[in-house]
Structure formats: structure tokens, C-alpha cells
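See structure below.
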Amino acid sequence: MVNINESGVSINKSNTNRNSNVGINKINQSKSKSTSTVIKNNNNNCSANTISNVPKQGSITQTKPNINIFQTINWHQYKFTINLQSIRNIKLNANNVYCKYLYLPFGNKLPHLTDPPVNIVDSNEISLPYSSYSYEFFMDPMVLSNSLESIPLEVEFWQNNDQLNREIKIGQATFFMNEILSMPEISKNIKNKQNFSVRQWSNYVPVFSIENIGVPLEKLAELRIILQMEDFGLVEDKPSPPSRQNSDSMNQTTPTPFNYRKYLCK
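Using the numbering used here, you'd call the opening residue of the sequence shown number 2 and step up by one each time.
Set out below in C-alpha cells:
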């Protein structure tokens, strides 16, 4: 502002200073904005660099130890004997009757047959010939226990019908063999051989007729079964897993039931 007085023209310094201060403040504000913009850009660049430097998840490679599960199993050597001793309380008359059973967890693929066939008549008790069979195998104790508890043994009764020239299934006994695990364990020692333990179990199992349409299920007899399990302990030399080539060759050379019956009678 210009004031006219007696001495002449004078300049209002306060207004000039105020205007100059306003200009300086505007300059400082613009500088601070530009500075903050630079800082933000720098932060963005830093974060971008940080993200780019982080390795991708797909590029991380983890090396797992090579563990042979087959060799980590606690293999035990077992001998499991199934003996179909006799049948009693018979409620049918049939000729040429034999029993057939197979327990796949023990490794065999062919069933065992009692031979020769017997004639079943109303009687107190009839013995079954050639009714015992022993399975020898390697297995983990826990696997054996689970198998006996979850998979039953099925003993089928078959009849050779000469008139019809065919075989007829007339009955079946089904039961679980895990009860042998609760039997007392007896330790045995054979000279010049390793120690082993034995468990035995025996009982009568009901035999039922085959369920057909319109024919009710009926109890035909009682089958006496004797089980014996021998445990030869932990195997130091782990058995090798079966190769696919050997399993294929076994399937190709599987004998017919007739040849298998002759083989059992030797």
C-alpha cells in the first residue's frame, strides 16, 4: 500500500512483508508436496523391488529322504495252521461232500480242499479227512491282527452230484479268527533252532445253508475248527517285495482245480 503524506511517497513495509511471506509459504508447500511424492515413489519402488526379490513358491524345491517303506516293516515269520476237524449235529443227508477254504491275506491264491469227499448222514460227529493246511508267510504283527479282525474265514461245503454231473454248494461256515490272539502264548525251544511261540484255539462254528429266493436260511451242522499260530519272531533279513514279473508268471501257471486236487493227495 502507498501512503501519500507531507514527505512524499512511502511504501507500507508490513504489507510487502506479508505478501512476500505468502509467496514463500506457497513455494514451501509445493516443495513439500514434491518431496512427499518422491518419497512415495521411492517407497513404491522399494516395495516392488522387495516383491520381485521374493522367490516364487513353485521355484522352491524340497528334497525328501528316500525311505523304503517295505524295509521299515517289522516282519515276523509265521506259520498259521487251519484244521477242519469234524462236523456234528448234522441235519441233512448228502453224499460226496467236501470242504473248500481260502484266506487271501496269507498269500495263497488256491483254495484248500478236503479229500476224499465224505457221505454226510444223521450222526453224532463225522471226521473230515485231509482237512489241515498250514500257511507260512512274513507279516507285520499289526497287519496280521487287523487282517484277522476284519476279514473272516469262509469254509464252503460242496457236493459232487453225479446225476447232474456238476458240483453244488450246499452250505457255508463264516467266522473271524482273531480270537486266537487272545489265547495264552506258549514259548517253545527246539534244539539247534530258534525259539518260537505258539497260540491255539478250538471251537465249533455253525454251518448254514445257502440263502436262495424263497428258501429260508437254515442251520445245517456245526464245524469244529482248530487253529494254531506259530510266531518265529522278528526277521533280521527283510524279505524282498514280490516282482511283477513273478506274479504274472504265477498267474499263467496256475493249475486247474482237478490238477490241484491230485497235487494235494500226493
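From the three backbone atoms N, C-alpha and C, an ideal C-beta is built for every residue, glycine too.
Fill in: Residue(s) in a DSSP beta bridge with Gly172
Phe158 and Ser210
request  = List the whole-angstrom C-beta distance separating Tyr99 from Leu154, where the pair is believed to meet the contact cut-off of C-beta under 8 Å.
outcome  = That pair is no contact at about 17 Å.
Next item on the list: State the start and end residues of the unbroken beta strand (DSSP E) segment that holds Ser128.
Entry: Residues Glu126 to Ser128.
Around the C-beta of Gln160, are 16 or more other C-beta atoms found within 10 angstroms, so that it is buried, or is it exposed? buried
Nearest candidate by alpha-carbon position, reference Asn84, set Ile191, Leu114, Ser146 and Phe138: Leu114
Task: Inter-stretch contact at 8 Å, needing at least 3 Cβ pairs: the segment 115–129 / the segment 227–236 - done: no
Quick one: what does DSSP say Leu311 is sitting in, helix, strand or coil?
Residue 311 lies beyond the residue range present for the chain, which begins at 2 and ends at 267; the question has no answer from this structure.
Bridge partners for Glu137 per DSSP, in chain order?
According to DSSP, residue pairing for Glu137 in a beta bridge involves Lys80.
* To do: Could you tell me which residues DSSP puts in a beta bridge with Ile187?
  => In the DSSP assignment, the residues bridged to Ile187 are Val199.
Exercise for review: Would you mind giving the Cβ-Cβ distance between Ile152 and Pro106, rounded to the nearest angstrom? I have them listed as a contact below 8 Å.
Suggested key: 6 Å
Review point. What do you reckon, are the CB atoms on Ala222 and Asn97 nearer than 8 Å?
Key: no
Residue range of the beta strand (DSSP E) that Val98 falls in? Ala95 to Tyr102
Task: Under the three-state DSSP convention, the category Val119 falls into - done: strand
Worksheet item: Expressed to the nearest angstrom, what Euclidean distance is found between the alpha-carbon atoms of Val156 and Leu111?
Response: 14 Å
Residues near Ala95 in its chain [Cβ-Cβ closer than 8 Å; skip 5 each side]: Asn120, Ile121, Gln160 and Ile171
Tell whether a beta-carbon distance below 8 Å holds between Leu145 and Tyr205.
-> no
Quick one, which of Phe158, Phe177 and Thr175 has its alpha-carbon nearest Lys101's? When each option's Cα is compared against that of Lys101, the closest is Phe158.
Rounded C-alpha distance that separates Thr254 from Tyr134: Note that Thr254 has pLDDT 35, beneath the 50 cutoff, so the model's placement of it is unreliable and the number below is only indicative. Rounded to whole angstroms, Thr254 to Tyr134 spans 22 Å at the Cα level.
Check your understanding: Comparing alpha-carbon positions, which option in Val216, Pro130, Leu182 and Ser203 lies nearest Met143?
Key -> Leu182
*asked:* Cutting at 6 Å between CB atoms, please list the residues of its own chain near Trp202, excluding the five before and the five after it.
replied: Glu180, Ile181, Met184 and Leu228
If you follow the alpha helix (DSSP H) that Glu180 is in, where does it begin and where does it stop? Element bounds for Glu180: n/a, residue is neither H nor E.
Worksheet item: Are the Cβ atoms of Tyr136 and Phe81 separated by less than 8 Å?
Response: With a cutoff of 8 Å on beta-carbon distance, Tyr136 and Phe81 are scored as near each other.
What does a CB cutoff of less than 8 Å around Ile88 pick up in its chain, not counting 5 residues either side in sequence?
-> If the five residues before and after Ile88 are omitted, its C-beta is found closer than 8 Å to the C-beta atoms of Ile121, Glu126, Ile127, Leu129, Val208, Ala222, Glu223, Leu224 and Arg225, all from its own chain and listed in chain order.
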